[in-house]
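Student: Starting off with a structure, shown below.
Number of protein chains: 4
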Amino acid sequence: MIVVFEENATKEQIDKVFERLQEWGFTPVLQHGEQTSIAITGDSSALKTETLEAFDGVMKAVRLHKPYKLVAKEFRPEGTVIEMEGGVKIGGKDFAVIAGPCSVEEEEQYVETAHLVKKTGCRILRAAVFKPRTSPYDFQGVGEKGLPWLKRVKDETGLLLCTEVMDPKSICKVEKHVDMYQVGARNMQNYDLLRALGKSGKPVLLKRGLSGMIKEMLLAAEYIMSSGNHDVIMCERGIRTYETATRFTLDISAVPVLNQMTHLPVIVDPSHPAGKRAYVNALAKAGVAVGADGLIVEVHKDPERAWSDGPQQLTFEQFEQLMKELEPIVNVMGKKLNGRTPPQKGGGEASGWKR
Amino acid sequence: MIVVFEENATKEQIDKVFERLQEWGFTPVLQHGEQTSIAITGDSSALKTETLEAFDGVMKAVRLHKPYKLVAKEFRPEGTVIEMEGGVKIGGKDFAVIAGPCSVEEEEQYVETAHLVKKTGCRILRAAVFKPRTSPYDFQGVGEKGLPWLKRVKDETGLLLCTEVMDPKSICKVEKHVDMYQVGARNMQNYDLLRALGKSGKPVLLKRGLSGMIKEMLLAAEYIMSSGNHDVIMCERGIRTYETATRFTLDISAVPVLNQMTHLPVIVDPSHPAGKRAYVNALAKAGVAVGADGLIVEVHKDPERAWSDGPQQLTFEQFEQLMKELEPIVNVMGKKLNGRTPPQKGGGEASGWKR
Amino acid sequence: MIVVFEENATKEQIDKVFERLQEWGFTPVLQHGEQTSIAITGDSSALKTETLEAFDGVMKAVRLHKPYKLVAKEFRPEGTVIEMEGGVKIGGKDFAVIAGPCSVEEEEQYVETAHLVKKTGCRILRAAVFKPRTSPYDFQGVGEKGLPWLKRVKDETGLLLCTEVMDPKSICKVEKHVDMYQVGARNMQNYDLLRALGKSGKPVLLKRGLSGMIKEMLLAAEYIMSSGNHDVIMCERGIRTYETATRFTLDISAVPVLNQMTHLPVIVDPSHPAGKRAYVNALAKAGVAVGADGLIVEVHKDPERAWSDGPQQLTFEQFEQLMKELEPIVNVMGKKLNGRTPPQKGGGEASGWKR
Amino acid sequence: MIVVFEENATKEQIDKVFERLQEWGFTPVLQHGEQTSIAITGDSSALKTETLEAFDGVMKAVRLHKPYKLVAKEFRPEGTVIEMEGGVKIGGKDFAVIAGPCSVEEEEQYVETAHLVKKTGCRILRAAVFKPRTSPYDFQGVGEKGLPWLKRVKDETGLLLCTEVMDPKSICKVEKHVDMYQVGARNMQNYDLLRALGKSGKPVLLKRGLSGMIKEMLLAAEYIMSSGNHDVIMCERGIRTYETATRFTLDISAVPVLNQMTHLPVIVDPSHPAGKRAYVNALAKAGVAVGADGLIVEVHKDPERAWSDGPQQLTFEQFEQLMKELEPIVNVMGKKLNGRTPPQKGGGEASGWKR
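Residue numbers (the numbering used here), protein chains in the order written: chain A, 118 to 472; chain B, 118 to 472; chain C, 118 to 472; chain D, 118 to 472.
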């Protein structure tokens with residue numbers, strides 16, 4: 118942190134800031150040059166620039182260091198690869214597609230969807246039994262009734278399960294059944310939840326809040342990491358802007374920004390920002406090409422009958438088509454779709470998507 | 118809800134929508150005119166327009182009725198006046214100023230602030246012992262340690278206490294000590310919390326989320342009301358926009374919009390959107406003149422030493438000055454500042470603020 | 118400007134920046150302290166922080182001085198009062214209400230509206246004969262055909278006229294007929310227009326762009342002032358945000374921010390952000406109480422028949438009512454509505470609005 | 118357009134709307150169903166929903182048809198391919214990269230950049246001699262002095278030239294020297310300019326305004342097309358949001374949305390939203406994969422010395438690298454980079470970028 122004073126700042130004003138910083142336990146260093154300034158050495162992450170700018174005589178306070186530590190690129194420059202059961206990885210050379218219905222609705226339909234997801238090569242299934250909803254009168258998820266269905270799906274397909282949790286209590290309810298937690302956009306700054314997930318021992322997919330700044334998202338991940346859990350996946354899912362042609366505005370630039378700032382893997386949700394399935398295919402491809410480590414995509418057997426977010430869920434056919442179209446782009450980006458070695462180029466084998 | 122079809126929609130397409138609506142338990146009514154349309158009678162609040170627009174042949178689905186009920190103006194056209202201990206009211210002809218430090222920090226300082234707040238005629242004190250913070254390394258509130266201080270303040274001053282709660286658990290911790298709960302901006306859509314507050318039996322001050330739409334704020338209040346608690350106060354506190362000259366953008370228009378849509382009282386927080394104390398006075402006055410039922414203002418004995426949000430907290434002198442300047446505007450608006458009968462106009466008494 | 122280097126910046130990196138600054142004609146001063154930094158003395162307003170941050174080894178570049186000069190508060194600390202024909206003032210103790218229809222449509226109706234505006238005590242009339250419209254198929258203003266009507270209105274009422282101009286050419290067309298130019302929101306950064314207005318010799322009402330930052334608005338005013346015209350009035354008229362309950366989001370905080378940053382008068386347009394006449398009254402009052410120097414309000418004889426922006430235009434009755442309700446707030450703020458000495462408080466005269 | 122009435126709307130209220138619509142020249146059709154409604158047949162694009170909603174008894178007015186015509190997909194379902202001199206195409210199977218410096222600065226440097234751009238296979242060069250700048254004290258472009266340089270560049274390289282114009286006057290100045298006009302973000306709604314370009318006879322690259330809605334952008338294109346010029350290229354270049362990690366927020370979804378709504382080609386500008394060259398490569402790739410028809414990219418011989426937007430301009434090496442990396446993605450998308458037939462897959466030739 119550096120505090121720059123007005124040219125006409127008095128000695129009293131400068132001394133006051135200096136002493137206050139000492140009183141707060143920092144080590145200020147006075148610098149005389151064109152304009153007097155004070156540099157603060159050591160960790161000043163708990164100090165706000167606004168606090169310093171509120172002093173008389175201060176022209177500007179500037180944070181030089183980042184307010185987060187564990188999530189910073191420097192903490193693990195080689196990047197984090199999250200390893201899960203069965204050799205499933207998120208990060209590195211693996212491009213992971215997490216797929217499934219917006220919410221778990223009915224047992225048979227869910228099982229059928231799981232088999233489709235598996236057939237396309239995906240290895241992680243959406244398993245949302247709790248749904249936060251804007252209106253108290255909307256469907257709120259099947260709740261604990263759906264837990265046996267999760268077990269059945271896992272037994273039959275071997276897919277890993279990713280479920281949204283909305284409060285510390287619900288972690289306990291689902292922890293035996295799932296492999297990965299999701300923090301929804303509304304809860305990006307629900308700190309009790311983040312701390313609880315920091316002690317959960319399973320990977321956490323952290324969605325960006327509707328008005329979450331990238332630096333706030335990093336600090337939210339820092340809550341989880343500083344509570345003990347280093348397996349965090351950042352997820353860009355669209356922010357709220359004035360444009361209404363799509364449900365949210367996918368901030369695709371968040372991917373290269375996060376890739377520069379943090380070692381954590383970054384995935385893209387093309388379904389929520391689209392709001393309409395017609396746009397999901399294009400946004401998913403953009404997610405691959407921009408350098409994301411994966412996608413989370415909604416697919417439903419009968420979207421017109423879905424109990425939530427029907428318009429943005431792909432049909433089975435659309436999802437299979439998407440997976441076929443994604444693979445060559447994933448490969449051009451030097452990655453393997455769901456861990457699968459890319460088909461040989463040239464040679465006798467017809468290129469294209471095939472397992 | 119009305120569903121309008123494309124001019125070239127086929128009978129099959131129209132029938133499909135019609136039958137699906139019946140299957141979902143609605144009562145569709147076919148209307149033939151220039152363009153075929155289907156009206157849905159009865160409560161269709163759980164049905165999304167996007168769901169219907171995803172059907173082939175549908176040009177547009179339009180919601181005619183509001184998705185909320187209990188918070189709607191029509192539910193209580195005369196407006197809600199919340200009555201608390203000691204005759205303190207929020208709503209109606211009373212203009213209530215809730216004041217106090219951003220967070221409770223130290224006992225003596227807090228007591229001193231309480232006396233200042235009381236001296237200015239206010240009757241409700243901010244009593245934040247838990248603080249949600251963006252960084253895990255920031256001060257997180259004094260926590261339960263501060264509860265005896267709240268008791269002392271209440272005994273000494275008789276002020277009512279308003280405290281932020283962040284999860285259902287913390288309600289239990291503070292319920293004996295406080296008179297009113299606050300839901301912070303980050304938690305506007307924390308539905309477990311809202312439902313728990315719906316059963317709490319005390320008034321709830323509901324702050325608008327950083328990217329909360331007015332209709333989402335109404336639905337958040339609907340969560341509380343539909344869980345049993347009708348004493349909700351809506352609070353506009355600034356939204357996130359591209360403008361960085363202030364901390365947030367106070368959406369002052371939210372006040373007349375909410376006044377038109379809901380019977381619940383509406384207050385304004387001028388401190389958070391300002392971000393700097395220099396702007397708080399002007400925004401507070403705007404809040405009065407725009408028709409709010411009250412304000413929530415931050416005041417601190419020594420803002421430069423505050424542990425959170427120092428730059429936006431008023432000094433004692435500034436707060437006293439503000440209260441003096443507010444009263445004539447409150448009176449012009451036909452209201453009584455903190456329930457106090459306005460000084461006589463004309464006559465022998467010098468006008469101006471005096472108790 | 119101050120350039121702070123990374124702790125591990127090399128001498129070569131630092132020298133490169135230093136030399137480049139010299140090459141560009143600046144006077145850099147090296148400062149060694151905790152971290153090396155370079156202060157740039159003199160005017161560096163043409164230099165961008167991003168340019169400097171693009172050099173290797175640079176941690177941060179911080180602008181210490183404002184990029185504008187003539188509009189800055191310091192340039193005229195006592196504040197600008199714009200004086201027009203007939204003793205009409207904008208700024209200082211005078212609170213000016215500019216009123217009239219969104220666009221000039223028909224002669225008789227326009228004349229009638231002018232008389233109503235005059236009757237309420239206003240002294241400046243909206244006189245929009247050119248209208249920028251989003252669609253090429255919308256009414257684009259009556260154009261030059263309306264100029265004789267402006268003359269008639271002026272002869273009959275003595276009101277000053279304020280008209281929107283959209284390009285340098287149209288200034289010539291209207292200059293003999295009007296007293297004040299308006300730059301619409303779409304043209305806040307139409308620099309050819311701003312420069313032309315800088316040479317026009319008449320006051321300019323500069324509306325904030327839909328996504329204009331306050332500092333950009335100041336720089337737009339700087340274009341006008343630096344071209345020779347110091348009579349600029351800043352107008353906050355709402356910005357574009359995600360909220361759709363109102364047409365735009367009135368950024369009421371822009372008023373105290375501008376009052377702090379510039380000596381120029383600041384007025385509020387409550388009509389455009391409201392989008393619906395039901396909210397105009399409340400927003401107008403907020404504009405007074407927040408410290409604006411005036412308002413620009415739309416009023417129409419028959420808003421349901423207006424050719425543009427009908428829903429937000431007040432009826433004659435609503436406008437008269439608004440003017441009555443505004444005056445006591447204007448007086449509490451220590452100002453005179455349209456230059457009128459406030460009615461005596463107490464004493465024999467009945468208080469209330471009367472000329 | 119359909120106007121739906123409140124259930125308790127009176128016959129008088131309904132009749133009033135009906136008669137007003139007739140008076141305005143529309144053909145209203147009364148529909149009685151669950152709720153009375155009026156359908157308006159024929160072209161109602163000049164009628165605003167707000168105008169109708171301002172009538173008593175009206176619950177909602179809904180526009181069923183789009184307010185634009187010539188830009189609509191239906192007008193030319195096969196899509197527009199813009200053909201320029203030398204067989205250069207924008208749209209269809211050709212993926213066009215327009216490249217060059219942010220602004221033309223010095224003759225030799227500009228010529229050198231042109232040769233680099235040509236070498237990478239691009240066929241259209243940025244040729245900005247006029248620059249709109251936020252501050253009056255910033256470099257405003259070399260102006261007419263640069264026109265001979267444009268001629269030299271064209272003679273030497275055969276590249277087509279694309280230049281920004283800011284007002285009708287400047288079209289005349291440059292028309293002999295350039296092949297394509299660009300409308301900058303600040304001028305998306307400068308209607309005089311759009312109309313003048315509608316008569317210019319050369320393709321127009323229309324950039325989205327900083328707060329331009331997609332439908333407004335379509336209407337801006339409609340201004341150009343309805344004035345006679347059908348060769349319009351839409352350009353997404355980032356919108357203004359609250360996020361500050363990038364200069365603007367690239368609204369990547371605008372591409373599939375525009376592809377669905379209009380037949381006009383759509384290109385992406387990755388440079389301006391990035392604001393930093395480190396993010397340009399990723400955003401450019403996202404633009405290809407999302408389905409754009411081209412890119413406009415800034416490249417500079419010595420970005421640190423650039424007179425405008427240095428930080429976001431690629432170096433020659435970075436630009437060459439980008440072009441190499443783009444081609445396989447362009448080919449996967451089924452397109453030809455700058456009209457070049459993709460290298461054979463398989464076979465003896467080593468794949469990779471080569472001309």
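Every residue gets a Cβ at the ideal spot worked out from N, C-alpha and C, and that includes glycine.
For chain C, is any of its Cβ atoms less than 8 Å away from the one on residue 377 of chain B?
Tutor: yes
Student: So which residues of chain F does residue 306 of chain C contact, with C-beta pairs closer than 8 Å?
Tutor: Within the model displayed, chain F is absent; protein chains A, B, C and D are what it includes.
Student: Would you mind sorting residue 467 of chain D into buried or exposed? The rule is 16 or more other CB atoms within 10 Å of its CB.
Tutor: Unreliable placement is indicated for residue 467 of chain D, whose pLDDT of 39 sits below 50; no coordinate value is reported for it.
Student: Under the rule that 16 or more other beta-carbon atoms within 10 Å means buried, what is residue 465 of chain B, buried or exposed?
Tutor: Caution is warranted here: a pLDDT of 40 is assigned to residue 465 of chain B, below 50, making its placement in the model unreliable, and no coordinate value can be reported.
Student: Please decide whether residue 139 of chain A counts as near chain C, where near means a Cβ-Cβ distance under 8 Å.
Tutor: no
Student: Do you know whose CA, among C/282, C/429, C/422 and C/433, lies nearest residue 141 of chain D's CA?
Tutor: C/422
Student: Could you round the C-beta distance between residue 443 of chain A and residue 431 of chain A to whole angstroms and report it? I think they count as a contact, below 8 Å.
Tutor: Rounded, the Cβ-Cβ distance is 12 Å, inconsistent with contact.
Student: Report yes or no: is there a C-beta of chain C within less than 8 Å of the C-beta of residue 168 of chain D?
Tutor: yes
Student: Give the interface partners of residue 343 of chain C over in chain D, defined as CB-CB distance under 7 Å, in chain order.
Tutor: 253
Student: Does the separation of the CB atoms of residue 196 of chain B and residue 130 of chain B fall below 8 Å?
Tutor: no
Student: Check the Cβ of residue 327 of chain B against every Cβ in chain A and list those closer than 7 Å, keeping chain order.
Tutor: 328
Student: If you measure between the beta carbons of residue 321 of chain B and residue 284 of chain B, is that distance less than 8 Å?
Tutor: no
Student: Taking C-alpha atoms, which residue in B/165, B/224, B/384 and B/449 lies nearest to residue 325 of chain B?
Tutor: B/384
Student: Under a three-way DSSP split, which group does residue 163 of chain C fall into?
Tutor: In the structure shown, residue 163 of chain C sits in coil (DSSP, three-state: anything other than H, G, I, E or B).
Student: Is the region 305-317 of chain D touching the region 273-284 of chain D in the sense that three or more CB pairs, one from each, lie closer than 8 Å?
Tutor: yes
Student: For residue 431 of chain C, write down the residues that DSSP places opposite it in a beta bridge.
Tutor: C/416
Student: Look at residue 407 of chain A and residue 403 of chain D and say whether their C-beta atoms are less than 8 Å apart.
Tutor: Yes.
Student: Where are the alpha helix (DSSP H) runs, 4 residues long or more, that stay fully inside the region 135-223 of chain C, in chain order?
Tutor: 166-170
Student: What residues in the region 403-431 of chain A bring their beta carbon closer than 9 Å to a beta carbon of chain D?
Tutor: 403, 404, 405, 406, 407 and 408
Student: Looking only at its chain, what residues have a beta carbon closer than 7 Å to the beta carbon of residue 232 of chain A, apart from the 5 residues adjacent to it on each side?
Tutor: 274
Student: Go through its chain and collect everything with a Cβ distance to residue 125 of chain C's Cβ below 6 Å, but skip five positions before and after it.
Tutor: Annotation for residue 125 of chain C: no residue places its beta carbon closer than 6 Å to its own, counting only its chain and skipping 5 residues before and after.
Student: Does residue 368 of chain A get closer than 8 Å to chain D when you measure Cβ to Cβ?
Tutor: yes
Student: Report the three-state DSSP secondary structure of residue 289 of chain A (helix, strand or coil).
Tutor: Residue state, collapsed to three classes: helix.
Student: Which residues, in order along the region 270-285 of chain B, keep a beta-carbon less than 7 Å from a beta-carbon of chain A?
Tutor: 283 and 284
Student: What are the residues of the region 167-199 of chain D that lie near chain A, defined by any Cβ-Cβ distance shorter than 8 Å?
Tutor: Residues passing the 8 Å Cβ filter: none.
Student: Indicate whether residue 379 of chain D and residue 412 of chain D have their beta-carbon atoms separated by less than 8 Å.
Tutor: no
Student: Would you please verify whether the beta carbon of residue 240 of chain D is less than 8 Å from any beta carbon of chain C?
Tutor: no
Student: Is there a C-beta anywhere in chain C that falls below 8 Å from the one on residue 119 of chain A?
Tutor: yes
Student: Look up residue 381 of chain A in the DSSP assignment and say whether it is helix, strand or coil.
Tutor: coil
Student: Can you tell me whether residue 345 of chain C is buried or exposed, with buried defined as 16 or more other CB within 10 angstroms of its CB?
Tutor: exposed
Student: Could you check what DSSP says for residue 281 of chain D in three-state terms: helix, strand or coil?
Tutor: strand
Student: Who are the Cβ neighbours of residue 369 of chain B in its own chain at under 7 Å, not counting the five residues just before and after it?
Tutor: 403 and 407
Student: So, does the CB of residue 130 of chain C fall closer than 8 Å to a CB anywhere in chain A?
Tutor: no
Student: Given this structure, state the Cα-to-Cα distance separating residue 235 of chain D from residue 331 of chain C, to the nearest angstrom.
Tutor: Residue 235 of chain D and residue 331 of chain C have their C-alpha atoms some 41 Å from each other.
Student: Going along the chain, which residues of the region 437-460 of chain D sit with their C-beta nearer than 7 Å to a C-beta in chain A?
Tutor: 445, 446 and 449
Student: Any contact between the region 285-300 of chain C and the region 257-270 of chain C? By contact I mean 3 or more CB pairs, one from each, below 8 Å.
Tutor: Judged by Cβ distances under 8 Å, the region 285-300 of chain C makes contact with the region 257-270 of chain C, as three or more pairs qualify.
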